[in-house]
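See structure below.
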Amino acid sequence: GGIALGTLVVITGYHVLRAFAPTHLKTEEPLLDAGTSAYDEKPGPEGPEKG
127 GGIALGTLVV ITGYHVLRAF APTHLKTEEP LLDAGTSAYD EKPGPEGPEK
177 G
């Protein structure tokens, strides 16, 4: 039961905090740029390249 309870607490907490979050945090783009799948990739004119 411990893993299931922890999962429920985390998921419920996420949704509760998101409901109370300011609008700019809900609509803000994620930290990654579009087209990148990792923090060490940098998008260029030819597409993402490993940096």
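Quick note, this note's numbering runs 126 ahead of the 1-based positions in the sequence shown.
Where is the CB? At the ideal position from N, CA and C, for every residue including glycine.
Here the structure is a predicted model, which is why all the values come from computation and not from measurement.
| Backbone CA spacing between A130 and T138 [nearest angstrom] | The alpha-carbon atoms of A130 and T138 are separated by roughly 12 Å.
| request: Can you grab the Cα-Cα spacing for the pair T153 / T133, in whole Å? | output: Linking T153 to T133 through their CA atoms gives a straight-line distance of about 25 Å.
| field | Straight-line Cα distance separating G128 from R144 | value | Rounded to the nearest whole angstrom, the C-alpha separation of R144 and G128 is 24 Å.
| task | Quick one: give me the first and last residue of the alpha helix (DSSP H) that A145 is part of. | result | If you look at A145, you'll find it in the alpha helix (DSSP H) that goes G128 to F146.
| How many Å lie between V142 and L151 at the Cα? | Taking the straight line from one Cα to the other gives about 14 Å.
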